[in-house]
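Just so we're aligned, residue 403 is where the sequence shown starts under my numbering, counting upward by one. All C-beta atoms, glycine included, are put in the ideal place defined by N, C-alpha and C. Right, one structure below, let's go through it.
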Amino acid sequence: MSSGLDQYLDVIKSNGEATTTIPAGSAVIQGDNPHEVLMPSVANDGSIVGVSLFTQDTADGPVVLRRHGLVLMKASGAIVAGARVNINGTGGEAKTVNESAGTIVHCVGFAHTAAASNNVIINVMIHEHVV
Numbered sequence: 403m404s405s406g407l408d409q410y411l412d413v414i415k416s417n418g419e420a421t422t423t424i425p426a427g428s429a430v431i432q433g434d435n436p437h438e439v440l441m442p443s444v445a446n447d448g449s450i451v452g453v454s455l456f457t458q459d460t461a462d463g464p465v466v467l468r469r470h471g472l473v474l475m476k477a478s479g480a481i482v483a484g485a486r487v488n489i490n491g492t493g494g495e496a497k498t499v500n501e502s503a504g505t506i507v508h509c510v511g512f513a514h515t516a517a518a519s520n521n522v523i524i525n526v527m528i529h530e531h532v533v
């Protein structure tokens, strides 16, 4: 089931880890099947599907994702409003794009609000793109 903004998909095991928890506000990536999602395994992962709206900690349970529009995400460090953000790593948090020159960057979107440090909740305008 999906709408223009949100989609319901199934949680699968988090890249082989014992946990299946997907925290609210985490960027998630495509699983092995079209209806499955995982937590990212690396920073700047290119298989972004969307951002979870609610915490899901049940194996094979549904997760609600935002695929377009504004969403709340946890910052993994200082982020200025308007900055491009991508995935920090296995936690699925937002970070300012800071990859070295020549690296293909997979953006989640743009920070709509700022964060002075990590663990601050910010608004991100989802606009997945590669730079």
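Check: So, is residue 459 buried or exposed, given that buried needs 16 or more other C-beta atoms within 10 angstroms?; Outcome: exposed
Check: Go ahead and pull the three-state DSSP assignment for residue 508.; Outcome: strand
Check: Taking 7 Å as the cut-off, decide whether the C-beta atoms of residue 473 and residue 453 are in contact.; Outcome: yes
Check: Tell me whether residue 501 is buried or exposed, calling it buried when 16 or more other Cβ atoms sit within 10 Å of its Cβ.; Outcome: exposed
Check: Suppose you measure from the CA of residue 481 to the CA of residue 512; what does that come to, to the nearest Å?; Outcome: 10 Å
Check: Where DSSP assigns a beta bridge to residue 368, which residues make up the other side?; Outcome: Past the edges of the chain, shown from 403 to 533, lies residue 368, and the structure says nothing about it.
Check: If you follow the beta strand (DSSP E) that residue 471 is in, where does it begin and where does it stop?; Outcome: 471-476
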